[in-house]
Each structure stands twice: as C-alpha cells, then as structure tokens.
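Residue numbers (full-length UniProt numbering), protein chains in the order written: chain G, 1 to 451; chain A, 1 to 431. No residue lacks a Cβ here, since even glycine has one placed at the ideal position from N, Cα and C.
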C-alpha cells in the first residue's frame with residue numbers, strides 16, 4: 001500500500017514539477033522525474049522503516065495486552081508453559097492451527113484477536129500519517145530552484161553503499177557464528193583434545209560429553225587423503241595434460257569443442273557426482289580390490305571412489321588455471337627454445353612448465369581448497385567410520401561428512417555434537433581461507449614477474 | 001686468449017647422419033609423439049568420463065519416466081463402498097471419500113482378478129487412484145470399470161527381466177507371470193506424466209518430482225530477488241563510485257573470500273543465523289533462498305564488475321561531458337551496456353545455486369515432503385536434495401527414479417547455461 005502511494009506521489013510530483021516552467025527565465029534545476037523520485041522516496045522510506053519497526057514490536061505489545069486480560073490470570077506460573085500456551089493461542093487466533101490443545105489457549109483467543117486487531121489498526125493509521133506527513137513535506141519543496149537531483153543521487157549512493165556492506169556483513173556473520181559456537185564447544189571439550197585426539201565417535205555420546213570421542217585427527221586425515229592426495233593424483237596429470245594439449249597442440253576446431261566439454265565437468269552438480277560415485281564407481285572399485293588386489297576387507301565406501309570422482313570434478317579447475325599460466329609465459333621464451341632446435345614437448349617440459357610453475361601451483365592449491373570443502377561426493381560415496389588409515393580401499397570420513405552427519409536429524413542445538421560441527425566448520429573455513437590467500441598470492445607474484 | 005682457443009682442437013661439425021645421432025633424433029621424436037598422445041589421452045579420458053556419466057544417467061533414468069501399469073477390473077457397484085453418486089456432490093464429499101475403504105476394494109478386486117497374490121501385483125498406493133477416479137467421476141460407483149493402476153516394484157522389475165531385490169527363484173516366477181499377463185494384455189508400460197506431476201512418496205512407483213521442482217523454483221525465486229539487486233548494486237558501487245580507502249578494500253577482500261568459501265559453510269551460517277537467531281521456519285524455501293542468495297551474490301558481483309569494467313571510459317566521459325549526473329551516466333549508459341555480461345554471470349551463479357545441496361541439508365530441507373509446498377514458508381525440498389534423499393532409499397525401484405530426477409536437473413542446468421552462452425554471444429560487444 002505504501003508502495004502504491006509512493007507511485008502516486010511520484011506521478012503527482014512529476015506533474016507538478018513539469019508545470020514549473022521557467023520563472024524568470026531560468027530552467028528548473030532538476031528534471032521532473034527527479035522531483036517525482038524525491039517525493040516518492042520521502043513518502044516511502046520513513047513509512048516502510050516505521051512498518052518494519054512496528055512489526056518487530058507488535059507481538060510484544062499484543063502479548064502484553066493479552067496478559068492483562070482476565071482470562072490470562074489462569075495461566076500457569078512457569079515461563080515455559082506460559083509461552084507455549086501463548087504461542088498456541090496466537091496460532092489459533094490467526095487460523096494457522098485448527099484446534100486447541102490447551103483449554104487455556106482457547107480462552108485466550110478473543111483477547112488475542114482483539115489485541116492484534118487494535119494494534120494492527122494503530123500501526124496502519126500511524127504508517128499512513130507518517131507517509132502523508134513526509135510526502136507533503138517533500139511535495140512542498142518541489143520548486144524550480146530545488147536541487148532534487150542531487151538529493152536523489154545521494155540516496156542512490158547510500159543504497160549502493162548499503163548493498164556493498166552486505167558482503168562484509170555476511171563475512172562477519174560467518175566468522176561470528178562459527179566462532180561463537182566453537183568457543184562454546186571448547187568450553188566443554190578441550191581444544192587440544194579436539195585438534196590432536198585420534199578417536200572420533202561423537203554419535204556414542206548421547207548424554208555425557210566424553211571428551212575422548214571428539215578427536216578430529218582421523219577426520220583431518222580422511223579429508224587430506226581424499227581431497228588433497230587421491231583427488232589430486234587424478235586431477236593434476238589429467239588437468240595439466242589437457243591444458244597442454246589444448247593450448248599447444250590441438251587444432252582450433254578441436255580446442256573450441258573440447259574446452260566447453262571440459263567446463264561442463266565443472267558444471268555438473270556435485271550431488272550427481274556423488275550418486276555416480278556411490279552407484280557405479282564405488283562397487284567397481286570394491287570388486288577390483290577384492291578380485292585383483294586381494295583386499296577382502298575392501299569397503300564399498302572406499303576413499304578411492306570418492307577421491308577419484310572428486311578428482312574428475314576438479315580437472316576443469318586445474319586445467320583452466322594451467323591454461324592461464326601457460327598463456328602468461330612470454331612467447332619469446334617459447335620461440336627461443338624452439339629456435340634452439342628443441343621439440344615441442346621438450347619446450348613444454350623444460351621451458352613452459354617450469355616458467356609457469358608458480359601459476360600452476362597456485363591453481364592446484366585453489367583446487368585443493370575446493371576439494372576439501374566439497375561435501376556431497378564424500379557424503380554419498382565416502383564412509384562414516386573415522387578410520388586413521390592410508391589404505392585407499394578402506395573407508396575414511398571427512399570433515400564435511402561429519403558436519404552434515406552431526407547437524408542433520410538432530411533438532412536440539414545445544415549438544416556437544418552440534419557444537420562440534422561448528423568447530424569443524426571453523427577449521428574448514430580457516431584452512432580454505434589460508435589456501436586461497438596463499439594461492440592468490442603466488443599467482444599474483446607470478447603474473448607480476450612476467451609483466 | 002687467442003692462443004687458448006687455438007690450442008683446443010677445432011670442433012667437428014655434428015655428423016647428423018651418424019647412427020648415434022639418428023637414434024637420438026628418433027628417440028626425441030618418439031618422445032614428442034608420446035607426449036602429444038598423453039595430452040590427447042588426458043582430454044579424451046576427461047571427456048570420456050563425462051560421456052560415461054551422462055550415458056549411465058540417461059540409460060538408467062529413461063525408465064524412470066515410464067510406468068508399468070496393470071489392468072484392474074473394479075466392480076464398484078458390488079463393492080463394500082456404500083456410496084451413491086449423489087452423496088458426492090455436497091460439502092462432505094472429501095470426508096465421505098476418506099472414510100470409504102478403497103484400500104480394501106483395491107485388494108478385493110486384485111484377488112478376484114489375479115488370485116491370492118493379486119494384491120502383491122499392485123503398487124501400495126494403487127487404491128489412491130481408485131479414490132481419485134471416483135472423485136473425478138462419481139457415476140463410476142454404479143458401474144463395473146477396468147482401471148489401469150501402477151503395478152508394484154516387483155512387476156516393474158520383471159518387466160525389464162531384472163531381479164530387483166528378490167531372490168532368483170521368486171524372480172523367475174515373476175518374469176513368467178509377467179509374460180502371461182503381457183500375453184493377455186493385462187499389463188502395459190506407458191510413458192507417464194506422473195513422474196513430473198507427483199511429489200515425494202515412500203513408494204517408488206508413485207513418486208514424482210513436482211514437489212521438489214516447485215521447492216526449487218520457490219527457493220530460486222528468493223535467491224534471484226535478493227542476490228541479483230544486491231550483487232548488481234555492489235558491483236556498481238565498487239566499480240564506479242567506491243573511493244580508494246580501507247573500507248573499499250575490506251569489501252573487496254570479503255567478496256573475493258566469500259566466492260571461495262565452501263558451500264557447506266553457508267549452510268552453517270544459515271543454520272546459526274536464520275534459524276537459531278531469527279527463528280525462521282526450518283526446511284522452508286525462504287531460508288534456503290536466503291542462504292543460497294548469500295552464496296550466489298559474490299558470483300554476481302564478480303561477473304558484474306567485469307562487465308562494468310569492460311565498458312570503455314570514453315562513454316562515461318562523453319555522458320558526463322554533456323551534463324549527465326553520475327547516476328544518469330550509470331542508468332542511461334553503463335548499466336544497459338553491461339547488462340548482457342551481468343545477466344550471463346547471474347544465470348551462471350543461479351545454475352550453481354540450483355545444483356547446490358550441502359547448505360540446504362544443514363538448514364533442514366531434507367524433510368520428507370509429500371505435498372508440493374504452497375508458499376515460501378512451507379516445508380519444502382529442492383531437486384538436488386530430492387536426488388540425495390532418493391539415492392539413500394533401499395528400495396531398488398528408486399534407482400531409476402533418482403537417475404530420472406538427475407536427468408531433469410541436468411536439463412534445467414543445460415537450458416540455463418545455454419541461455420547464458422546465447423546471451424553472451426548475441427550481445428557481447430568488443431570495444
């Protein structure tokens with residue numbers, strides 16, 4: 001409704017401003033549209049702000065007046081029961097609940113409806129008054145020499161600034177929520193036990209907080225084994241060689257086809273990879289391990305299956321970073337090597353790749369940070385057992401798997417289990433952040449070296 | 001110095017035709033070829049993996065769109081359901097239908113036609129179709145009518161000659177039975193729209209993805225409404241107006257970091273802030289949308305900045321020179337010119353959000369939702385989470401449904417990326 005009035009205000013003010021043609025020869029300072037915007041903004045912003053504040057205070061006010069109602073005297077003393085009944089009465093009054101559970105709640109319905117109607121009407125009247133007062137104030141300022149454009153543009157600047165602050169707020173939100181819960185976690189479980197403990201089994205601690213069950217080393221190891229070792233063994237050679245072939249050898253036509261094809265690999269949702277890993281790759285790898293390697297204990301949730309599929313997912317990242325780095329090596333170095341009689345492959349191996357190495361390493365670090373933060377593939381294909389093993393055919397678990405495991409299904413928020421998930425999240429956040437900062441630093445220095 | 005050179009014996013020119021030299025050259029050329037082959041092999045292996053993935057999904061998912069149906073003659077008139085067509089016109093119709101024992105009727109009809117194990121041939125939810133048929137056409141109640149209802153998972157597996165979870169003996173019996181039924185035209189396989197119109201269910205013959213798809217659409221609406229304006233405004237601010245100071249640096253650093261933060265961290269943020277602090281409803285599309293918006297925004301900002309950066313400064317200078325204000329330069333020139341780039345980035349960010357699963361698991365969008373969500377605050381699930389949930393189901397009938405859902409998801413992503421590429425090719429200008 002306020003928006004509707006603002007639109008009307010925009011038109012009326014525009015018309016009025018358009019009528020203000022030259023007084024004494026000068027043109028009006030601002031175009032009519034700016035006057036329209038000026039009035040509309042004055043009308044809408046204070047009113048909307050008031051509405052927001054009002055809707056925040058409203059439940060409190062309604063509850064106050066309901067508690068003054070004679071029917072509320074019968075409410076039990078305890079705070080929890082009291083608020084439960086009040087909540088039920090609220091749901092009954094606005095129709096979101098069909099039938100009453102407590103009799104007290106039913107008795108409160110009329111009081112609730114009355115109070116919310118009363119305060120609702122007050123809110124609407126106050127909003128309208130505010131809107132009209134501010135609108136009228138702005139409307140009266142529409143004059144030829146009024147600098148409406150500058151004022152409107154100042155508002156636009158503020159809007160832009162506020163929008164860009166949301167990024168900071170998100171970062172602060174992430175850090176604060178992770179830190180806050182993590183500190184509460186470390187009040188219960190010692191930080192040393194968490195970082196250096198080798199036994200992870202939080203599902204066993206239903207009631208007691210057994211600190212011995214929160215040792216995260218097996219998780220860190222599982223994450224590194226899958227994300228930084230197996231996935232990279234797959235992704236680095238394939239990604240690097242793909243980039244080399246596509247930039248140095250492939251005819252333009254093949255390059256223009258294969259490059260987007262590789263990029264599709266990065267666009268496939270991770271849940272699809274996870275399903276594929278669990279359904280097709282993992283059984284194949286288990287059969288392979290049992291029949292050919294002779295490991296009869298091979299798990300169908302092996303680290304290898306998750307790692308290989310994750311490696312495939314990472315190929316395009318490695319490939320495109322290597323591509324950029326190779327392209328950044330000055331052409332003169334390549335030409336010089338070729339002119340000395342080196343073959344193409346010798347040039348690539350002895351000149352281009354060493355020269356591009358910092359860039360490639362940076363790209364690999366970025367890929368590692370992407371891999372250790374990856375969730376769905378490991379949730380679906382890697383196991384839950386926190387094993388500390390280097391055998392890729394056995395099941396290991398990762399940080400992200402455990403975060404999902406600890407936070408799904410569990411409704412209570414204060415147990416050590418849920419808090420542990422936030423502590424793991426903080427570790428993950430810090431590690432990926434560090435990897436990214438280092439990687440970007442390396443890449444930047446490398447770029448500067450050739451500029 | 002001259003003497004030093006003169007004293008060493010003059011170097012012989014390399015004898016290229018010597019055997020040793022020829023061998024070396026051959027070895028070098030072989031290495032060259034090998035290296036080149038490794039490159040080609042790497043590319044083909046990566047592409048082959050993609051092809052293998054797609055073929056696996058399509059071949060096992062194609063069946064998910066079909067349904068094995070079985071003919072069920074139902075004698076409504078002689079049944080235990082004492083309803084008259086006239087009774088179903090008033091207000092109490094839903095209640096009357098709910099009270100009537102359609103489940104027993106379906107059972108009874110199956111036994112009459114197919115013998116003792118007849119009910120096992122029907123899907124567990126087949127009776128719902130009977131009820132819906134009566135609801136749609138009350139005059140059925142006075143007639144004897146043959147309805148096509150979904151067959152059970154076992155029949156479905158027999159239809160493709162597959163064992164499913166049954167043991168081989170039972171399987172063979174079922175396959176023989178199926179052949180008989182097929183000969184008497186009492187079963188059929190049809191392309192069924194049910195998969196696209198139904199919601200989640202515990203019975204794989206009756207599941208559909210409409211519920212998840214609708215949840216995805218609601219979530220994406222919220223994400224787009226928040227991430228697009230905020231992302232574009234931030235990009236504009238950073239690229240056009242931001243003074244070079246500490247604040248701007250902080251904003252830039254946090255955006256670049258947010259773009260690299262693992263998605264699951266956003267799930268933790270959503271859980272801690274939106275659900276535990278603001279008490280928004282768990283499992284709702286609005287929380288999912290908010291969380292994904294925070295994740296998508298940096299992508300849009302980065303794409304938007306690049307698009308705005310590529311608008312040549314001469315255009316800005318010209319507009320400023322003829323008296324436009326900074327905001328006019330922006331709205332009349334810079335934004336229209338950079339819009340294709342911004343939209344391309346937005347679509348790519350949205351397609352990433354559409355395929356995102358992990359953060360939504362954490363904020364509880366993994367609930368079993370049997371009715372499509374009606375609004376932003378209803379419990380909902382989204383396509384990727386639905387795929388995850390179905391992949392966990394033990395019933396083998398879910399395998400093809402999961403793959404079919406993956407096909408739908410991939411088609412959506414393909415369409416979005418196709419639009420993005422088309423936009424880029426059509427509107428991108430090189431200055």
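Check: Under 8 Å (Cβ pairs) to chain A, residues found in the stretch 164 to 186 of chain G; Outcome: 164, 165, 166, 167, 168, 170, 171, 173, 174, 177, 178, 180 and 181
Check: Alpha-carbon spacing of residue 379 of chain G relative to residue 61 of chain A, whole angstroms; Outcome: 22 Å
Check: Run of the alpha helix (DSSP H) containing residue 42 of chain A, from where it starts to where it stops; Outcome: 19 to 61
Check: Proximity below 8 Å, CB of residue 246 of chain A to CB of residue 340 of chain A; Outcome: no
Check: Cutoff 6 Å; reference residue 337 of chain G; Cβ partners in own chain excluding five residues on either side; Outcome: 347 and 351
Check: Beta-bridge partners of residue 389 of chain G, as assigned by DSSP; Outcome: DSSP lists no partner for residue 389 of chain G.
Check: Validate contact between the stretch 219 to 230 of chain A and the stretch 328 to 335 of chain A using beta carbons, cut 8 Å, 3 pairs; Outcome: no
Check: Beta-carbon spacing of residue 375 of chain G, residue 29 of chain A below 8 Å; Outcome: no
Check: Interface residues of the stretch 262 to 273 of chain A facing chain G [CB-CB below 9 Å]; Outcome: 262, 263, 264, 265, 266, 267, 268, 269, 271, 272 and 273
Check: Nearest-angstrom Cα separation, counted from residue 196 of chain G out to residue 443 of chain G; Outcome: 33 Å
Check: Terminal residues of the beta strand (DSSP E) in which residue 70 of chain A lies; Outcome: 66 to 75
Check: Under 8 Å between C-beta atoms of residue 352 of chain A and residue 299 of chain A; Outcome: yes
Check: Residue 237 of chain A vs residue 164 of chain G beta-carbon contact at 8 Å; Outcome: yes
Check: Separation of residue 169 of chain G from residue 281 of chain A, as counted between CA atoms; Outcome: 22 Å
Check: Chain-ordered chain G contacts of residue 202 of chain A [CB-CB under 7 Å]; Outcome: Simply none; closest approach about 17 Å.
Check: Same chain only: Cβ atoms within 8 Å of residue 66 of chain A, ignoring 5 sequence neighbours per side; Outcome: 189, 190, 191 and 192
Check: DSSP beta-bridge partners of residue 144 of chain A; Outcome: A:75
Check: Residue 1 of chain A, buried or exposed, once every other Cβ within 10 Å from all chains shown has been counted against 16; Outcome: Confidence at residue 1 of chain A is low in this model, with a pLDDT of 46, below 50, so the placement of that residue is unreliable and no value is reported for it.
Check: Distance between beta carbons of residue 119 of chain G and residue 58 of chain G, contact taken as under 8 Å; Outcome: 6 Å
Check: Check whether residue 265 of chain A and residue 347 of chain A have beta carbons under 8 Å apart; Outcome: no
Check: Residue burial classification, residue 37 of chain A (beta-carbon count within 10 angstroms, cutoff 16); Outcome: exposed
Check: Proximity to residue 320 of chain G [Cα-Cα], best of G:63, G:340, G:45 and G:366; Outcome: G:366
Check: Residue-chain proximity (residue 444 of chain G, chain A), Cβ-Cβ < 8 Å; Outcome: no
Check: Given residue 128 of chain A as reference, the closest of A:115, A:103, A:146 and A:144 once Cα atoms are compared; Outcome: A:103
Check: According to DSSP, residues forming a beta bridge with residue 149 of chain A; Outcome: A:70
Check: Continuous alpha helix (DSSP H) stretch holding residue 384 of chain G: start and end; Outcome: Element bounds for residue 384 of chain G: n/a, residue is neither H nor E.
Check: Burial state of residue 392 of chain A, where buried means 16 or more other Cβ atoms lie within 10 Å; Outcome: exposed
Check: Check whether residue 57 of chain A and residue 387 of chain A have beta carbons under 8 Å apart; Outcome: no
Check: Where residue 258 of chain G falls, given that 16 or more other Cβ within 10 Å makes a residue buried; Outcome: buried
Check: Rounded straight-line distance, which links the Cα of residue 210 of chain A to that of residue 165 of chain A; Outcome: Low confidence applies here, because residue 165 of chain A scores a pLDDT of 48, under 50, leaving its location unreliable; read the following figure in that light. Each residue's alpha carbon lies about 27 Å from the other.
Check: Beta carbon of residue 207 of chain A nearer than 8 Å to that of residue 201 of chain A; Outcome: yes
Check: Closer than 8 Å to chain G by CB, residue 420 of chain A; Outcome: no
Check: Extent of the continuous beta strand (DSSP E) to which residue 190 of chain A belongs; Outcome: 187 to 191
Check: Cβ-based burial, residue 279 of chain A [other Cβ within 10 Å; buried from 16]; Outcome: exposed
Check: Chain A within 8 Å of residue 305 of chain G, Cβ atoms only; Outcome: no
Check: Inter-residue CB distance, residue 156 of chain G and residue 327 of chain A (contact presumed, cutoff 8 Å); Outcome: 5 Å
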